[in-house]
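Chains as they are written, first to last, in the numbering used here: chain P, 34 to 271; chain C, 218 to 292; chain D, 84 to 261. Have a look at the structure below before the remarks.
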């Protein structure tokens, strides 16, 4: 009896393993390679390339910098616009949806400030190239894009991000992404003639004024945020 | 207290999550599902789903871009 | 290497950041873009131009196309990859993601698993390419930048992209899963 008590105490005294017992696959596991060195080498190349590009033109250097930043941020946060729209449907999760809404809110505030500043100085308003005509082309294009991004496992930014991560599937899908874009460019005359040229461009400040525009936009985003939040928790109660 | 493996290596998102959800339905409370993934989006959305449904989750990195997600069915 | 086991290194370069952090950081660089470059972030803009470059390299001609007859279209055609800002930015996104992946020691080439994935990539890619071209952009250029520039087109795009995602999800489960 004493022996058993000793054994039992010894067992309890043993430090418990900090990680879970793994599956049978553990024995055949590949050793984890540390890739930090390669990362640092790449970082040096990124900087060197950026300096080189800046000698071609400062703007090109800037675009390289923002591209690197966007790619890095997307990857570090696993930010996926596809998931922001697909997850509410497939798993009831709206965490990405709400993050996208937050991004829209913050960026809108920054953008309207820049636009307003330009308009005050009488300068051409930046970003107006993104205020495009609304027509059936918008509707059809967005719809096709939505289907495509879920099938392909990534939207435009997501595809670029996953290529950088090493996914063969996205390396394939971008080839067809480019082909599809080129094909549509060929049809653009038809789309422009029949739909796009009749579509209105609606810039919110033109309708509501500068303060009104940002107010309307933020209220709308807030409403969507609340709905997304409710959706997330609604599924939890089931 | 049975342990089951779900191999999702090479699957594009959201397939690991969908397969996990379906497989978890078949398990009894107390069973463990080990989901094997190599997709960083599943690394986030599978544990998130599991925690939201009150299961115990542990993640172990088993290689470069490979993980095992241990989900104990708790409810 | 000792660096990668360092607690601070792990927090910055290995453990994932939150989605909200992503939202804030992306916004900062978007705002920087509009402040410096008079435009916003877009991804799919140069894709048709890349297609044209390849097409022309094989002897094709796009001079009669409406799309390339505009001032902007012609200018883009005459540029090269490294002198086209949007192309450089796209390359930057890929490299930035690669950089983050390497620093976290998470790089692995993931082969395409089966024919279903090939079909999904091909069909999905074509749909995204065609759709983003006629809608003047993608989830970034049309949705993110469109909405942030206070254009109603962005919201219209968002609504129908969501509808498409709904249909896509059904198709995915029905035809592209075992």
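Beta carbons: idealized from backbone N, C-alpha and C, even for Gly. Computed from a predicted model, the values in this text were never measured in an experiment.
Beta carbon proximity, residue i to chain P, threshold 9 angstroms
i                      : result
residue 269 of chain C : yes
residue 246 of chain C : no
residue 284 of chain C : no
residue 229 of chain C : yes
residue 242 of chain C : no
residue 173 of chain D : yes
residue 121 of chain D : yes
residue 261 of chain C : yes
residue 225 of chain C : no
residue 139 of chain D : no
residue 291 of chain C : no
residue 251 of chain D : yes
residue 179 of chain D : yes
CB contact below 9 angstroms: residue i versus chain C
i                      : result
residue 215 of chain P : no
residue 234 of chain P : no
residue 188 of chain D : yes
residue 196 of chain D : yes
residue 186 of chain P : yes
Where residue i sits in the DSSP three-state scheme
i                      : result
residue 60 of chain P  : Any answer about residue 60 of chain P is weak, because its pLDDT of 45 lies below 50 and its placement is not dependable; what the coordinates show is given next. Helix at residue 60 of chain P.
residue 89 of chain D  : coil
residue 79 of chain P  : helix
residue 289 of chain C : strand
residue 193 of chain D : strand
residue 105 of chain P : helix
residue 205 of chain D : helix
residue 163 of chain D : coil
residue 99 of chain P  : helix
residue 101 of chain D : coil
residue 254 of chain C : strand
residue 200 of chain P : strand
residue 273 of chain C : strand
residue 234 of chain D : strand
residue 221 of chain C : strand
residue 124 of chain D : coil
residue 162 of chain P : helix
residue 283 of chain C : strand
residue 249 of chain C : strand
residue 243 of chain C : helix
residue 239 of chain P : helix
residue 228 of chain C : coil
Within-9 angstroms CB hit, residue i to chain D
i                      : result
residue 281 of chain C : yes
residue 261 of chain P : no
residue 267 of chain P : no
residue 256 of chain P : no
residue 140 of chain P : yes
residue 251 of chain C : no
residue 196 of chain P : yes
Within 9 angstroms, strictly: CB atoms of residue i and residue j
i                      : j                      : result
residue 186 of chain P : residue 115 of chain P : yes
residue 178 of chain D : residue 95 of chain P  : no
residue 270 of chain D : residue 166 of chain P : Summary: the structure shown does not reach residue 270 of chain D, with chain D confined to residues 84 through 261, and so no result is reported for it.
residue 164 of chain P : residue 235 of chain P : yes
residue 164 of chain D : residue 136 of chain D : yes
residue 251 of chain D : residue 205 of chain P : no
residue 211 of chain D : residue 118 of chain P : no
residue 157 of chain P : residue 233 of chain D : no
residue 110 of chain D : residue 136 of chain P : yes
residue 124 of chain P : residue 262 of chain C : yes
residue 219 of chain C : residue 248 of chain C : yes
residue 218 of chain P : residue 148 of chain D : yes
residue 169 of chain C : residue 232 of chain C : For chain C, the structure presents residues 218 to 292; residue 169 of chain C sits outside this window and is missing.
residue 218 of chain D : residue 180 of chain P : no
residue 229 of chain C : residue 261 of chain D : no
residue 152 of chain P : residue 250 of chain P : no
residue 160 of chain D : residue 198 of chain P : no
residue 200 of chain P : residue 85 of chain D  : no
residue 104 of chain P : residue 193 of chain P : yes
Neighbour flag for residue i against chain A, beta carbons, 9 angstroms
i                      : result
residue 231 of chain P : Among the chains of the structure shown, chain A does not appear; the protein chains present are P, C and D.
* **Validate contact between the segment 111 to 131 of chain D and the segment 168 to 179 of chain D using beta carbons, cut 8 angstroms, 3 pairs** => yes
* Say whether the segment 213 to 229 of chain D touches the segment 251 to 259 of chain P, bearing in mind that this needs 3 or more beta-carbon pairs closer than 8 angstroms, one atom from each stretch. => no
* To do: May I ask you to verify whether the segment 271 to 280 of chain C touches the segment 84 to 102 of chain P, counting CB pairs closer than 8 angstroms and requiring at least 3?
  => no
* **Chain-ordered residues of the segment 148 to 162 of chain P with a beta carbon less than 7 angstroms from chain D** => 159, 160, 162
* **Meets three-Cβ-pair contact criterion under 8 angstroms: the segment 196 to 211 of chain P and the segment 195 to 206 of chain D** => yes
* Asked: Counting Cβ pairs closer than 8 angstroms, one from the segment 62 to 82 of chain P and one from the segment 186 to 200 of chain D, do we hit at least three?
  -> yes
* Using a Cβ cut-off of 8 angstroms, which residues of the segment 198 to 224 of chain D contact any Cβ in chain P, in chain order? -> 200, 201, 203, 204, 205, 206, 207, 208, 209, 210, 211, 212, 213, 214, 215, 216, 217, 218, 219, 220, 221, 222, 223, 224
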